[in-house]
Amino acid sequence: MSIELRDVTKKVRLGPIRLTYENLNINVPDGSSVALLGRKEAGLDAITKLICAADAPDSGRVIRSHSISWPIPSASFVASHLPLIANARFIARLYEVDEKAYLAQLEEYGRFGDALHTVVKNCPAEIRSLFCFLCGIILPFDQYIFTSLSVGPKSERGRIGEMVDDLRQRAGFLLIGQDVKSAQAYCSQAYIFDQGVATHYDDMEAAIEHFSSIEEKDVEDDGFMADPELEDLVNVDFQNALP
Amino acid sequence: MFSDLKTQFNVIKALTIRDMQGLMSSYNYGFAWALLEPMMFIGIMRVLRSAFKGLTPPNMPPSTFLIVGIVPFYLYIQAIQAASGAVSSSDKMLEFPRVTPVDLAISSALTSFCIYFALFCGFTLFFSNYEGAWPPKNAMEVLFAFVMVWALGVALGLVVGTTARVFPPIKNFMSYYNLANRMMGGMLFVATMFPQSFWPYFTWNPIFHCMEMLREGWFVTYTSPVADPAYVLEWLLGLSLLGLSLERFQRRVPYI
Chain P
526 MSIELRDVTK
536 KVRLGPIRLT
546 YENLNINVPD
556 GSSVALLGRK
566 EAGLDAITKL
576 ICAADAPDSG
586 RVIRSHSISW
596 PIPSASFVAS
606 HLPLIANARF
616 IARLYEVDEK
626 AYLAQLEEYG
636 RFGDALHTVV
646 KNCPAEIRSL
656 FCFLCGIILP
666 FDQYIFTSLS
676 VGPKSERGRI
686 GEMVDDLRQR
696 AGFLLIGQDV
706 KSAQAYCSQA
716 YIFDQGVATH
726 YDDMEAAIEH
736 FSSIEEKDVE
746 DDGFMADPEL
756 EDLVNVDFQN
766 ALP
Chain A
13 MFSDLKTQFN
23 VIKALTIRDM
33 QGLMSSYNYG
43 FAWALLEPMM
53 FIGIMRVLRS
63 AFKGLTPPNM
73 PPSTFLIVGI
83 VPFYLYIQAI
93 QAASGAVSSS
103 DKMLEFPRVT
113 PVDLAISSAL
123 TSFCIYFALF
133 CGFTLFFSNY
143 EGAWPPKNAM
153 EVLFAFVMVW
163 ALGVALGLVV
173 GTTARVFPPI
183 KNFMSYYNLA
193 NRMMGGMLFV
203 ATMFPQSFWP
213 YFTWNPIFHC
223 MEMLREGWFV
233 TYTSPVADPA
243 YVLEWLLGLS
253 LLGLSLERFQ
263 RRVPYI
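Note that the protein sequences, when read in sequence, are chains P and A.
Mind the numbering: the first sequence is residues 526 to 768 in the numbering used here, read in order.
Mind the numbering: the second sequence is residues 13 to 268 in the numbering used here, read in order.
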């Protein structure tokens with residue numbers, strides 16, 4: 526087993542998203558291609574943090590038996606005042622790989638040219654997303670975690686698809702988010718997250734049918750009013766409360 | 013075990029280099045502020061001491077005396093803030109499975125160490141040459157005390173940062189603690205400036221011992237009657253164990 530969430534309970538408090546996952550059990554087998562699908566209000570960011578060890582569960586265990594990537598193509602490591610190449614060097618140092626070889630591979634896959642020496646804030650968004658994507662996939666992980674596969678210029682999408690296919694041959698693939706098309710193309714099993722419950726499917730058609738049936742709610746951040754625990758405190762009937 | 017330690021060392025190194033590069037991005041508020049704040053304080057204290065000559069120990073040149081106390085003390089405060097800030101709130105870098113809050117705390121505090129060590133070397137080299145207090149009597153003792161000040165700051169920062177996750181008001185208490193330490197921590201005086209009967213009010217504080225070691229290590233004319241490196245190491249060990257244990261036990265507590 527590459528990643529296992531065993532009897533995990535987690536209160537999710539992400540802005541307006543307030544729900545509790547109780548006794549969550551998820552198995553991501555070694556070398557498998559799994560999708561964790563859910564709408565925005567499913568709080569998948571919290572599940573991603575649990576998997577990446579950025580946060581701990583309230584109870585239960587998260588077991589990782591192999592090396593896992595960070596959520597690709599997250600740009601959290603990117604310092605916008607530095608050139609792309611300096612950010613790439615940071616990743617090379619962090620993962621103890623040879624800087625020269627890493628940068629050469631990055632250039633080979635991304636064909637960045639001079640853009641690699643451009644300060645991040647001056648780079649087009651599509652170059653930045655391609656850079657973040659490649660920084661992760663060229664490192665040798667046992668399990669790759671993706672939150673999106675819509676990266677890079679549209680003209681490069683075919684090549685990116687080939688890279689993902691190649692990656693799935695050599696390592697595990699975990700897609701987290703609401704990208705149904707990519708899940709259908711690359712995954713063989715899925716968990717659908719809805720109202721604090723994760724339902725497992727071996728059949729992707731059934732999983733997508735379930736996911737499509739979930740209505741997307743309009744999640745607006747209205748602060749503490751969204752918290753049912755606090756609503757009773759706020760909605761006090763003063764007329765009747767007064768003697 | 014050694015490979016794990018090596019990995020952690022490399023993670024901290026990568027994060028520290030990244031932090032250092034980040035300082036240059038906001039030059040006015042980053043590196044320059046670190047330079048200006050102690051410089052202004054040293055300048056003000058130097059003027060005050062010129063006006064009230066009795067406050068300066070007669071056997072130590074005043075500017076070097078102030079620099080040897082003030083710069084390490086600022087490092088101590090910065091190390092506390094850096095370490096506590098790193099463990100008290102969630103950081104984007106934690107998305108990397110190999111980065112832990114302790115790595116972030118140490119790397120953030122190491123950045124402060126690099127800045128203040130450079131400041132210390134620059135200031136002392138210039139002023140002690142000017143005042144004839146160069147070279148230091150025992151450079152190793154000065155370096156040891158400087159590192160101890162930093163390490164005590166990191167250890168206390170871990171304790172404060174983890175406690176702040178369940179008791180946020182502790183951050184307010186820290187400003188009072190820092191104020192008290194500025195007055196009683198030996199930043200602006202040495203033990204021999206007070207009668208012996210007053211010493212127990214200062215010697216409980218490990219920072220006071222570090223300040224005494226710094227002055228003793230720098231000035232040929234001063235031998236501290238109270239400096240005790242073993243006492244500082246005991247505090248460091250105790251605070252580090254407490255800080256790391258609290259960090260371990262607080263992992264299931266959600267970030268506020």
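Even glycine gets a Cβ: it sits at the ideal position worked out from N, Cα and C.
Grab the span of the alpha helix (DSSP H) containing Arg586(P) for me, first residue to last. Note, Arg586(P): premise wrong, no alpha helix (DSSP H); beta strand (DSSP E) at 584–589.
Taking the beta carbon of Ser100(A) as the centre, do at least 16 other beta carbons fall within 10 Å, making it buried, or is it exposed? buried
Relative to chain A, which residues along the segment 572–599 of chain P have a C-beta separation below 9 Å, given in chain order? Thr573, Lys574, Ile576, Cys577, Ala578, Ala579, Asp580, Ala581, Pro582, Asp583, Ser584, Arg589, Ser592, Ile593, Ser594, Trp595, Pro596, Ser599
Report the residue from Lys625(P), Ser605(P), Phe637(P) whose alpha carbon sits nearest the alpha carbon of Arg614(P). Lys625(P)
C-alpha distance - Lys25(A) paired with Pro70(A), whole-angstrom precision: 43 Å
Taking the CB atoms as reference points, tell me whether Tyr634(P) and Ile662(P) lie closer together than 9 Å. yes
Beta-carbon contacts of Ile54(A) that lie in its chain and below 7 Å, excluding the five residues immediately before and after: Leu78, Ile79, Ile82
On the DSSP letters alone, give me the boundaries of the beta strand (DSSP E) that Gln668(P) sits inside. 668–671
Could you check if Glu224(A) is buried or exposed, using at least 16 other CB atoms within 10 Å of its CB as the buried criterion? buried
Three-state secondary structure (DSSP) at Tyr726(P)? strand
Where Ser601(P) meets chain A, residues with beta-carbon distance less than 8 Å: Lys104, Met105, Glu107
Pair every Cβ in the segment 710–723 of chain P with every Cβ in the segment 533–549 of chain P, then say whether three or more of these pairs are closer than 8 Å. yes
When Met160(A), Thr235(A), Thr204(A) are compared against Cys222(A), the one with the closest alpha-carbon: Met160(A)
Please look up how many angstroms separate the CB atoms of Cys577(P) and Pro109(A), rounded, as I've assumed it's under 8 Å. 5 Å
Asp570(P) versus Gly563(P) - alpha carbon distance: 10 Å
Determine the direct distance from the alpha carbon of Ser654(P) to that of Pro678(P), and round the result to whole angstroms. 9 Å
Identify the residues that DSSP records as bridge partners of Leu539(P): which are they? Ile542(P)
Could you please give me the residues that DSSP links to Ile551(P) through a beta bridge? Leu530(P)
Is there a Cβ of chain A sitting closer than 9 Å to that of Phe615(P), yes or no? yes
N- and C-terminal bounds of the alpha helix (DSSP H) containing Trp162(A): 151–176
Hey, would you say Asp31(A) sits closer than 9 Å to Ser120(A), going by beta carbons? yes
Within the continuous beta strand (DSSP E) that includes Ala715(P), where are the two ends? 714–719
Let me make sure I understand the geometry here. Which of Cys657(P), Arg531(P), Ala604(P), Gly556(P) has the alpha-carbon closest to that of Gly585(P)? Arg531(P)
Quick one: what does DSSP say Ser558(P) is sitting in, helix, strand or coil? strand
For a test of the three-state rule: what should DSSP assign to Leu619(P), helix, strand or coil? helix
Taking the beta carbon of Ser599(P) as the centre, do at least 16 other beta carbons fall within 10 Å, making it buried, or is it exposed? buried
Is DSSP giving Phe185(A) helix, strand or coil here? helix
Can we say the segment 721–735 of chain P touches the segment 691–704 of chain P, given the rule of at least three CB pairs closer than 8 Å? no
Is it true that the CB of Ala732(P) sits closer than 9 Å to the CB of Ala708(P)? yes
Give the secondary structure of Gly198(A) by DSSP, where H, G and I count as helix, E and B as strand, and everything else as coil. coil
Applying the 10 Å Cβ sphere with the 16-neighbour rule, what's the burial state of Phe261(A)? exposed
Could you check which residue in Phe666(P), Met688(P), Glu734(P) has the C-alpha nearest to that of Ser590(P)? Phe666(P)
Give me whichever residues DSSP pairs with Phe214(A) in a beta bridge. BP columns for Phe214(A) are empty, so no partner.
Would you verify that the beta carbon of Arg177(A) is, or is not, closer than 9 Å to some beta carbon of chain P? no
By DSSP, does Phe637(P) sit in helix, in strand, or in coil? coil
Can you tell which of Arg227(A), Phe231(A), Thr233(A), Val232(A) has the C-alpha that lies nearest to the C-alpha of Ala239(A)? Arg227(A)
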